[in-house]
Amino acid sequence: MHTSLAVRDRNTLGTLQDFLKSLLEKGIVEALLVPMRTPAGGISPALVMDPKLLSEADPFAPVLPVNGATLAGQLSVREPRVKVGVILRSCELRALVELSKVQQANLSSLVTISVDCAGTYSVPNYQRAISSNQKHASNSWQKLFRLATDTPGQPDPSLRSACKICEQPVYEDADIIIELHGTDFEQEIGLTTTDELSAKLGMAPTQGNDRAIVMDKLVKARSALRDSEFAAIRSRLEGAEGINGVFVSCIRCHNCMTVCPICYCKTCVFKSAVFDHEPMQYVNWAKQKGALRMPADTMLFHLTRLNHMVLSCVGCGMCTEACPTELPVGIVFRAIGQRIQSVFEYAPGRNPEEKLPLITFKADEWTEVGE
Amino acid sequence: MTDETFEPKIIAFLCNWCTYTGADLAGTSRLQYPPNVRIIRLMCSGAVDPIYVLKADLAGADGILIGGCHPGDCHYQEGNYKARRRVVTMKEILKNAGFDEERIWLRWISASEGQRFAETIREMTAALKEKGPNPMKSTWAV
């Protein structure tokens, strides 16, 4: 059912905070996972149980310190569970769906609350903006939403690179959808929810908004930007440079894997004793080719990670943010991922019931690959 | 590029129940085939993690053969069907990352097909001779 929250005193965030409080007070959820303003002025996700503290909640702050899918997984993976409302952006919800398919999250104990996104800044950029102008920085989401409507093909250049080419800024399959795109958010916040929840919340249906029109333009513009980024990275990957050249300055710190919401293994094989080689092993490898790049197995790490997770890659770009040598990890994974995903007609995060391509099969497919 | 002196090195990951037994049959039947293959036995083609294949490729193996039971004959019901999807994924990734995915072969060879195993190795050795050495053999920065 589509409904809306009337914004009081043009205070959109305050109105949303009141709504979140009502979710706790009416017992719809027992706790909320929500981005909070920390006393130091930054943004951090927190599990909130005291409704009073929600006056510090800020799901609109345009920054994504971690992909919250991992956190929602931690809150739901094992019994006993409590009903937790998780306020997440589209890329986080799509990652959460992927985690549920590998039993690393349990959607039935979560109330998923999707909040429209107009892009996020890197944590350092956001921190800098906060320290120079607290009031302006915390309201910068308004500027981003206006830009997304007025000039969808020209996103704020200082957004994270993944956000500038994001063609899925909203997630439509959540239990509650908080809509900002296509709404006059100084007057009202759009809200789509199940009939059961809206009855519990005592909300009445309202007219639709311009969201569909705005989204259509935004998705087209962002898809075009994405495709030109894909073309640029593909010409490097498929050219003389190859993936080897693109990842030439990788120091194998594993940050990309650590922050990846899809890489859920508790002990990655690359961190295990399998890669504790004997000194003579390195010497033998160096003898074979005349030299051995060290740290060793750098390309093996990236190619293996591609094979293990790229079908589920949602393009959140956390990997790019975490890379200390500023490698374009995210765009490489997205560009290659798109090709593999289309081979299997698979879209990560689309549907929790859809099976991961590598755990299922048809007897009569790709008969030309295995002869 | 055909190099007369070039002898390709093939790493073969063979399933215990079909292709490995087929290779064994080729041996006990005294069938001749090129000595270019190094065999690694696994319980199932479905147990071939991409990391094994990628390691061999990056280390400079000229060809990689994954051998399993014919579709429908897997000892574990569906391991070979899953192996096929994994190989499709792996080849697509390698192709998009600038590697030559045609160095990876997936073949179904049963325990009674010693002849077919020998023929596959002959065929693969010839194809790889035609292709030339894996450029990874002389690429240290990987």
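Protein chains in written order, with our numbering: chain R, 1 to 371; chain Y, 1 to 142. Note that CB positions come from ideal geometry on N, CA and C, so glycine has one too. Bear in mind the structure is a predicted one, so any value in this text is a computation, not a measurement.
Interface annotation for the segment 84-115 of chain Y against chain R: 84, 85, 86, 87, 88, 89, 90, 92, 93, 96, 97, 98, 106, 107 and 108, criterion Cβ-Cβ distance under 7 Å.
The C-beta separation of residue 332 of chain R from residue 243 of chain R comes to about 7 Å, placing the pair in contact by the 8 Å criterion.
By the Cβ neighbour-count rule, residue 141 of chain Y is exposed, with fewer than 16 other Cβ atoms within 10 Å of its own.
Going by DSSP, residue 146 of chain R is part of no beta strand (DSSP E) but of the alpha helix (DSSP H) stretching over 140-150. Within 7 Å of the CB of residue 299 of chain R, the CB atoms of chain Y belong to 58 and 142, in sequence order along the chain. Beta-bridge analysis with DSSP links residue 235 of chain R to no other residue.
Rounded to whole angstroms, the gap between the alpha carbons of residue 108 of chain R and residue 350 of chain R is 17 Å. Secondary structure at residue 188 of chain R: strand, using DSSP grouped into helix, strand and coil.
Non-local C-beta neighbours of residue 135 of chain Y in its own chain, meaning closer than 6 Å and more than five positions away in sequence, are absent. Short of 7 Å from the beta carbon of residue 38 of chain R, and not among the five residues preceding or following it, lie these beta carbons of its own chain, in chain order: 44. Contacts with chain Y at 9 Å (Cβ-Cβ) include residue 335 of chain R. For residue 51 of chain Y, the nearest beta carbon of chain R is closer than 9 Å to its own beta carbon. Across the structure, residue 75 of chain Y and residue 17 of chain R are spaced so that their CA atoms are roughly 58 Å apart.
When only Cα atoms are considered, residue 130 of chain Y and residue 330 of chain R end up about 36 Å apart.
Taking CB atoms only, residue 141 of chain R has no neighbour in chain Y less than 9 Å away. In this structure, the alpha-carbon of residue 344 of chain R lies about 7 Å from that of residue 357 of chain R. Annotation: the continuous alpha helix (DSSP H) that includes residue 257 of chain R extends over 255-259. Annotation for residue 176 of chain R: 113 and 193 place their beta carbon closer than 6 Å to its own, counting only its chain and skipping 5 residues before and after. In the three-state reduction of the DSSP assignment, residue 179 of chain R falls in the strand class, which pools E and B. Here residue 120 of chain R really is in contact with residue 160 of chain R; their C-beta atoms are around 6 Å apart, less than 8 Å. Residue 327 of chain R and residue 319 of chain R have their C-alpha atoms spaced approximately 9 Å apart.
Among the bridge pairs identified by DSSP, residue 115 of chain R is matched with R/178.
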